[in-house]
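Visitor: Just dropping this structure here.
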Ligand code: ATP
Ligand code: MG
Ligand code: MG
Ligand code: MG
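Residue numbers (the UniProt record's numbering): 71 to 477.
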């Protein structure tokens, strides 16, 4: 039995005869006979009430854990009749329609309000036929999606360019080399589209890149089997695989036309707005970054994303250097307090029943950018800390000041 209230919905009420409902086929363990004990009766002195008794006896509910009940089929039928409108809801896979409708519902905008850019970072739901590779392809994921409204095709192209430049800065700051490829507009529609792809063997998109003119495209946008570049015709197309982490579209008036998202131009005439939409797969970027940067047994984070920047390892309990524990704690507190960028970013691995070696291995696996070991060398007159920099693989022995400088 489950610990939460559970609804039991059998489809056995119907017999061979599709429309005839039969009590014998209904799962309704009723307990109407007086004196029958199925363990459903309340214990002496237990609080009960008429409805509880009747529902237990009538086979509407059955207790599982304290405060939790099975809702049996008859109860489910009654519940379904309560407050149901019979309407269907859709979990949003993306929000072009919703946002265009929202903007249109404000009435005609003024050209002075444009460009209007609306974004959100929310969960998206897609009935992916093959969810796989963890967060790379889930049925529920986070996306940053933005929708732009402009006065003209030219202005929309300016916006498009500005967003692509922002995406470029984002991936640069994360230290993730990407390829921007010409892409299919697919179901979203529109006139112009690019994908931001992280090269990776497990990538599900096939990309072609020209060694001569740098033309790059998702293979699905050009004829398969073609070896010459569609732009410069040289025979230097190479194929590789990528993980799609971002996608930009110039939509034209496809959605604004349907929903009547309009603005008044300088001549006070209503004009349909030019739109773009821009998506970044937030959870996919996290997984893809780990995928492309890490080795098989150790995570390497983009520096900006590491959950903690520094891990301090105090000595093992009962070891010769045990008394350095206090120094390690002090170092941990000081780093967080004196360096603004490290506030809340320094973690102490206080599992001192484990050896330093074991904890160091864990720290490497988790990929803290910096691991600081407080061991033998911290006992010297000028205490030195062993600092492992995951990014370069270097190990250094630094004084506290040296460590501060490094961080
Ligand atoms: P894919 O080709 O991988 O199925 P898509 O082209 O269907 O992705 P878009 O509609 O362009 O995806 O959505 C914008 C972004 O959302 C994608 O570039 C990707 O980063 C992310 N994304 C899409 N589907 C998923 C998913 N199932 N799980 C995680 N992220 C996703
Ligand atoms: Mg898809
Ligand atoms: Mg795609
Ligand atoms: Mg896409």
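Cβ coordinates follow ideal geometry from the N, Cα and C atoms, glycine included. Please read all numbers here as calculations on a predicted model, not as lab measurements.
Does the beta-carbon of residue 392, which I'm using as the reference point, lie nearer than 6 angstroms to any heavy atom of ligand 6?
Guide: Of the ligands one can find in the structure shown, namely ligand 1, ligand 2, ligand 3 and ligand 4, none is ligand 6.
Visitor: Below 8 angstroms, how does it come out for the stretch 348 to 356 and the stretch 213 to 221: are there three or more Cβ pairs, yes or no?
Guide: Enough Cβ pairs lie closer than 8 angstroms, so yes.
Visitor: Counting Cβ pairs closer than 8 angstroms, one from the stretch 422 to 441 and one from the stretch 359 to 377, do we hit at least three?
Guide: In short, these stretches touch, since the Cβ pair count reaches three.
Visitor: Once you ignore the five residues that flank residue 305 on each side, which residues in its own chain have a CB closer than 6 angstroms to its CB?
Guide: Numbered from 1 along the chain shown, position 235 holds the residue referred to as residue 305. The answer, listed in chain order, is 297 and 298.
Visitor: Express the C-alpha separation of residue 191 and residue 331 in angstroms, rounding to a whole number.
Guide: Along the chain shown, read from residue 1 onward, the residue named residue 331 stands at position 261. Along the chain shown, read from residue 1 onward, the residue named residue 191 stands at position 121. Between residue 331 and residue 191, the C-alpha separation is close to 23 angstroms.
Visitor: Does the beta carbon of residue 224 fall short of 6 angstroms from some heavy atom of ligand 3?
Guide: Indexing the chain shown from 1 puts residue 224 at position 154. The answer is no for residue 224.
Visitor: Looking only at its chain, what residues have a beta carbon closer than 7 angstroms to the beta carbon of residue 163, apart from the 5 residues adjacent to it on each side?
Guide: To locate residue 163, count along the chain shown from 1; it is residue 93. Hits under 7 angstroms: 194, 195 and 196.
Visitor: For residue 132, which residues does DSSP report across the bridge?
Guide: For this step, residue 132 is matched to residue 62 along the chain shown. Note: residue 132 sits in a beta bridge opposite 140.
Visitor: Based on the DSSP output, what are the partners of residue 346 in its beta bridges?
Guide: Taking the first residue of the chain shown as 1, we reach residue 346 at position 276. DSSP lists 218 and 320 as partners of residue 346.
Visitor: For residue 373, which three-state DSSP category applies?
Guide: Looking up residue 373 in the chain shown gives position 303. Helix, per DSSP.
Visitor: Just the C-alpha distance for residue 328 and residue 153, rounded to the nearest angstrom, thanks.
Guide: Within the chain shown, the letter at position 258 stands for residue 328. Within the chain shown, the letter at position 83 stands for residue 153. Residue 328 and residue 153: Cα-Cα distance of roughly 33 angstroms.
Visitor: From residue 444 to residue 364, what does the alpha carbon distance come to, in whole angstroms?
Guide: Translated into the one-based positions of the chain shown, residue 444 becomes position 374. Translated into the one-based positions of the chain shown, residue 364 becomes position 294. Taking the straight line joining both Cα atoms gives about 26 angstroms.
Visitor: Pick out the complete alpha helix (DSSP H) segments inside the stretch 203 to 282, 4 residues or longer, and give them in chain order.
Guide: For the stretch 203 to 282, whole alpha helix (DSSP H) runs of length 4 or above, ordered along the chain, are 223 to 244.
Visitor: Could you work out which residue in 343, 166, 449 and 382 is closest to residue 186 when comparing CA atoms only?
Guide: By one-based count along the chain shown, residue 186 stands at place 116. Ranking 343, 166, 449 and 382 by Cα distance to residue 186 puts 343 first.
Visitor: Count Cβ pairs between the stretch 308 to 327 and the stretch 271 to 279 that sit closer than 8 angstroms; are there 3 or more?
Guide: Yes, the stretch 308 to 327 touches the stretch 271 to 279.
Visitor: If you compare alpha carbons, which of 128, 266, 210 and 127 is closest to residue 353?
Guide: Position 283 of the chain shown holds residue 353. The shortest Cα separation from residue 353 among 128, 266, 210 and 127 belongs to 210.
Visitor: State buried or exposed for residue 165, treating a residue as buried only when at least 16 other CB atoms are found within 10 Å of its CB.
Guide: One-based indexing of the chain shown puts residue 165 at position 95. By the 10 Å Cβ count, residue 165 comes out buried.
Visitor: Between residue 241 and residue 264, what straight-line distance do the alpha-carbon atoms span, to the nearest angstrom?
Guide: Within the chain shown, residue 241 is the residue found at index 171, counting from 1. Within the chain shown, residue 264 is the residue found at index 194, counting from 1. Roughly 15 angstroms between the two C-alpha positions.
Visitor: Between residue 417 and residue 204, what straight-line distance do the alpha-carbon atoms span, to the nearest angstrom?
Guide: On the chain shown, residue 417 is found 347 positions in, with the first residue counted as 1. On the chain shown, residue 204 is found 134 positions in, with the first residue counted as 1. Each residue's alpha carbon lies about 27 angstroms from the other.
Visitor: Using DSSP with H/G/I as helix, E/B as strand and the rest coil, what is residue 362?
Guide: Position 292 of the chain shown, counted from the start, is the residue given in the question as residue 362. Helix.
Visitor: Take residue 367 and list the residues in its own chain whose beta-carbon comes closer than 7 angstroms to its own, dropping the five residues that flank it on each side.
Guide: As a position in the chain shown, residue 367 is number 297, starting the count at 1. 435.
Visitor: How should residue 93 be labelled, buried or exposed, when 16 other C-beta atoms within 10 angstroms of its C-beta is the threshold for buried?
Guide: Here the question's residue 93 lines up with position 23 in the chain shown. It is exposed - the Cβ of residue 93 has fewer than 16 other Cβ atoms within 10 Å.
Visitor: Grouping DSSP H, G and I as helix and E and B as strand, with all else coil, what is residue 287?
Guide: Against the chain shown, residue 287 aligns to sequence position 217. DSSP places residue 287 in strand when its eight states are reduced to three.
Visitor: Measuring only the C-alpha atoms, how far is residue 106 from residue 91?
Guide: To locate residue 106, count along the chain shown from 1; it is residue 36. To locate residue 91, count along the chain shown from 1; it is residue 21. With a pLDDT of only 49 at residue 106, under the threshold of 50, the placement of this residue in the model should not be trusted; the figure read from the coordinates follows. Their backbone Cα atoms lie some 27 angstroms apart in a straight line.
Visitor: Let me check you understand the geometry: is the CB of residue 362 closer than 6 angstroms to at least one non-hydrogen atom of ligand 1?
Guide: As a first step, residue 362 is located in the chain shown; it is residue number 292 there, counting from the start. Result no, Cβ not under 6 angstroms from ligand 1.
Visitor: Can the beta-carbon of residue 286 be found closer than 7 angstroms to that of residue 233?
Guide: Here residue 286 corresponds to residue number 216 of the chain shown, with the count starting at 1. Here residue 233 corresponds to residue number 163 of the chain shown, with the count starting at 1. Taking 7 angstroms as the Cβ cut-off, residue 286 and residue 233 do not qualify as a contacting pair.
Visitor: Look at the alpha carbon of residue 467 and the alpha carbon of residue 474, and state the distance between them as a whole number of angstroms.
Guide: Mapped onto the chain shown, residue 467 falls at position 397. Mapped onto the chain shown, residue 474 falls at position 404. Their Cα atoms are separated by approximately 13 angstroms.
Visitor: State yes or no: is the C-beta of residue 268 within less than 7 angstroms of the C-beta of residue 248?
Guide: Along the chain shown, one-based indexing puts residue 268 at 198. Along the chain shown, one-based indexing puts residue 248 at 178. It is a contact, given that the beta carbons lie within the stated cut-off.
Visitor: Would you mind sorting residue 337 into buried or exposed? The rule is 16 or more other CB atoms within 10 Å of its CB.
Guide: What you label residue 337 is simply residue 267 of the chain shown in a count that begins at 1. Exposed is the call here.
Visitor: Using the Cα positions of residue 458 and residue 355, report the straight-line distance between them to the nearest angstrom.
Guide: As a position in the chain shown, residue 458 is number 388, starting the count at 1. As a position in the chain shown, residue 355 is number 285, starting the count at 1. Those two C-alpha atoms are separated by around 26 angstroms.
Visitor: Below 8 angstroms CB to CB, which residues in the same chain sit around residue 452 once its five sequence neighbours on both sides are set aside?
Guide: Residue 452 sits at position 382 when you count from the first residue of the chain shown. Excluding sequence neighbours, residue 452 sits near 469.
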